[in-house]
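Here's the structure we're looking at; comments come further down.
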Amino acid sequence: MVPRHLDDAALIAAAQGGDRFALDQLLRRHYDRIHAVCRRIAGSTRDADDACQEALIKIVRSLPRFDGRSSFGTWAYRIATNASLDELRKRQRRPALHVVDEDDRPETVDPTADLYTESFPDQLVLDDALERLPEDLRVAVVMRDVADFDYAEIADALDIPLGTVKSRISRGRAALASDLRLGPARDPDHRPDPGPDQRNQPTSDERPIDST
Amino acid sequence: MNDDLTLLASSYLDGDVTADERALVETDPDALAEVERLRSVRALLGDVEPPAISVREAQLAAALDAWDRLPEAERTGARRDRTPLGIDAAAAAGAASVTAPTPLNNRRRQTSTRWLTGAAAAMVLVLAGGVALQLGSADDSDSSSDAGSGAADSEAFIATERAGNPADAQQAPAAATDDAVGELDTGVADPPPPGENSGLDQLDDLTDLADFASAAVKAPTAPDVATATSETGGDDLTEAETSSADTEFPLCPRLGIDLIVGPAVYVDEPVVVGIDEGRNLAIAYEAATCTEVARVRLP
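Protein chains in written order, with the numbering used here: chain U, 1 to 212; chain R, 213 to 511.
Here's what the structure looks like:
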């Protein structure tokens with residue numbers, strides 16, 4: 001039995017030695033943040049769940065080769081970021097099945113359902129704002145504000161200069177703040193809503209994140 | 213408010229400012245207001261509603277299941293010395309990305325026979341060409357991930373693992389080919405073409421679709437199901453190129469199909485039913501155009 005107070009390094013060592021319980025603890029310890037990264041990057045709950053599942057499996061299967069050069073969290077959240085980006089791209093390639101008009105929507109069976117969903121406007125609005133945010137800005141902001149990467153780690157993960165990291169985070173936060181109408185109104189020209197054709201397109205300097 | 217002030221406020225929020233910059237922010241009401249605005253964004257982003265406990269537990273169970281299915285030698289790191297970091301590690305990650313374990317996998321693996329070995333060998337041969345393509349165009353692929361960059365190696369890993377011999381992934385292709393090509397020819401039953409509706413299962417709704425797919429997967433013998441990996445070599449290959457050679461139905465990688473269950477009629481439309489193992493989905497689609505008709509999670 002692995003004591004619950006073991007740090008990541010001890011759990012990793014135990015897991016790499018074949019201890020399943022240690023692996024379970026390790027995954028549970030980081031699950032919420034892995035899920036949060038997926039949720040914020042992949043967007044919809046379903047895509048986030050798929051990305052999270054992919055990430056967990058990648059983590060497990062790559063763990064025997066994890067060498068501790070970065071922290072487990074940094075490594076795992078990178079994998080989660082990659083899995084989320086993969087999920088986004090799959091979604092972009094996936095043909096839309098139907099266009100549902102408002103009139104086509106089935107009547108709500110539970111009359112209180114709307115009340116329930118209306119209690120979460122912030123999440124829905126935030127999802128929309130993130131959806132509108134260009135992918136490069138979204139990834140940088142999520143890596144900083146959700147995964148808690150520092151600038152250097154983001155620069156390393158995205159293979160971009162430190163200055164670009166700062167700029168993307170700043171622009172991404174500002175764009176979200178404007179979109180969410182937080183605080184003082186901003187110049188509307190600053191809002192980076194490039195339209196449906198340009199949304200979620202990675203910039204030319206964006207590379208997949210090396211999670212090794 | 214300008215971008216410089218926003219950049220300064222953002223850096224301040226992250227504690228990445230000099231003493232002078234800090235003093236500047238803290239004496240400027242506009243800068244402080246901007247800091248608070250950005251702080252609000254950070255708070256909102258971090259406030260992620262956790263998934264349902266059942267979802268979390270299912271995901272963790274699937275991950276542990278993947279762990280259980282790793283060969284003992286690999287699980288305990290015995291292979292680390294001869295598996296360099298970098299592309300191989302990415303390949304392994306890629307392998308995981310397209311072989312998300314599900315109970316389906318388990319059931320299928322328990323009943324896997326030599327035809328699986330044959331399918332694996334065939335895929336390895338196809339992917340051997342994909343390796344060269346992939347390596348040749350690696351720098352051009354901005355949109356590919358680490359998982360994607362090692363897809364070819366990953367597929368070899370996957371195929372060999374499905375053949376039941378993952379520890380010898382590097383040596384498997386030739387031997388597996390010799391052993392199993394014939395098994396493919398005789399082991400994969402040819403389903404009727406999608407245009408012939410008579411005698412096909414009629415699927416009236418998503419429940420029927422899920423039942424049809426899961427029943428086929430649960431069947432004790434598997435040779436009626438063609439198999440292949442879904443992302444063979446990324447987007448460079450056409451669907452025709454990635455179709456199984458031994459089935460009349462395309463795998464349609466862009467739909468994520470890993471397994472073809474067989475033809476059916478879904479709401480009066482002839483379709484082929486496939487399974488996306490990674491997502492645990494049953495997908496009905498038009499074989500001719502690879503157009504998805506319906507999808508549902510498998511029970």
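All C-beta atoms in this analysis are idealised placements derived from N, C-alpha and C, irrespective of residue type, glycine included. Keep in mind that this is a model prediction, so the values were computed, not measured.
- The Cβ atoms of Q16 (chain U) and L63 (chain U) sit closer than 8 angstroms to each other.
- In this structure, DSSP gives A499 (chain R) a state outside helix and strand, which the three-state scheme calls coil.
- Take A42 (chain U), set aside five residues on each side of it, and the residues of its chain with a beta-carbon closer than 7 angstroms to its own are A48, A51, S84, E87, L88, in chain order.
- Residue environment for T74 (chain U): buried (at least 16 other C-beta atoms within 10 angstroms of its C-beta).
- Against chain R, the beta carbon of S44 (chain U) has no neighbour under 8 angstroms; the closest one sits roughly 12 angstroms away.
- Across the structure, T239 (chain R) and D145 (chain U) are spaced so that their CA atoms are roughly 25 angstroms apart.
- By the rule that beta-carbons nearer than 8 angstroms mark a contact, V146 (chain U) touches chain R.
- Residues of the same chain with a CB within less than 8 angstroms of the CB of P262 (chain R), apart from the 5 flanking positions on each side, are R268 in chain order.
- For the region 260 to 285 of chain R, residues whose beta-carbon sits nearer than 7 angstroms to a beta-carbon of chain U comprise V260, E261, P262, P263, V267, R268, Q271, L272, A274, A275, L276, A278, W279, L282.
- With a cutoff of 8 angstroms on beta-carbon distance, L282 (chain R) and R28 (chain U) are scored as not near each other.
- Not one beta carbon of chain R lies nearer than 8 angstroms to the beta carbon of I154 (chain U).
- Using a Cβ-Cβ distance cut-off of 8 angstroms, the region 243 to 250 of chain R and the region 128 to 135 of chain U are not in contact, since fewer than three pairs of beta carbons, one from each stretch, lie closer than that value.
- Bounds of the alpha helix (DSSP H) holding G73 (chain U) are 72 to 93.
- Across the set R:E489, R:D480, R:Y497, the C-alpha of R:E489 shows the shortest separation from the C-alpha of E54 (chain U).
- Only those residues of the region 218 to 233 of chain R whose C-beta falls short of 9 angstroms from the nearest C-beta of chain U are listed: T218, L219, L220, A221, S222, S223, L225, D226, D228.
- Looking at the DSSP output, L415 (chain R) shares a beta bridge with R:Y478.
- Between L463 (chain R) and D420 (chain R), the alpha-carbon positions lie close to 21 angstroms from each other.
- If you draw a straight line from the Cα of D413 (chain R) to the Cα of P475 (chain R), it comes to about 8 angstroms.
- T218 (chain R): member of the alpha helix (DSSP H) spanning 215 to 225, first to last residue.
- F149 (chain U) and M143 (chain U) have their C-alpha atoms spaced approximately 6 angstroms apart.
- Annotation: the continuous alpha helix (DSSP H) that includes S266 (chain R) extends over 265 to 281.
- Taking a contact as a CB-CB distance under 8 angstroms, the pair R173 (chain U) and L256 (chain R) does not count as one, their CB atoms being some 10 angstroms apart.
- With contacts defined as CB atoms closer than 8 angstroms, S252 (chain R) and L126 (chain U) fail to qualify as a contacting pair.
- By the rule that beta-carbons nearer than 8 angstroms mark a contact, P64 (chain U) touches chain R.
- Judged by DSSP secondary structure, D156 (chain U) falls within the alpha helix (DSSP H) whose first and last residues are 151 to 158.
- Using a CB distance below 8 angstroms, the part of the region 234 to 257 of chain R facing chain U consists of A245, E246, E248, R249, L250, S252, V253, R254, L256, L257, ordered along the chain.
- Setting aside the 5 residues that flank it on each side, A76 (chain U) is surrounded in the same chain by H30, I34, I59, each with a C-beta closer than 7 angstroms to its C-beta; the list follows chain order.
- When secondary structure is reduced to three states using DSSP, R491 (chain R) falls in the coil class, being assigned neither helix nor strand.
- Beta-bridge partners assigned by DSSP to R507 (chain R): R:I495.
- Remark: C-beta atoms of D8 (chain U) and F72 (chain U) approach each other more closely than 8 angstroms.
- For L162 (chain U), the enclosing alpha helix (DSSP H) stretches over residues 162 to 179.
- The residue from U:K90, U:S170, U:L26 with its alpha-carbon nearest to that of D226 (chain R) is U:S170.
- Identification of chain U residues near T288 (chain R) by a Cβ-Cβ cut-off of 9 angstroms yields Q16, G17, G18, P64, ordered along the chain.
- The three-state secondary structure of G258 (chain R), taken from DSSP, is helix.
- DSSP places L471 (chain R) within a strand segment (E or B) once states are collapsed to three.
- The C-alpha of A14 (chain U) lies about 44 angstroms from the C-alpha of A177 (chain U).
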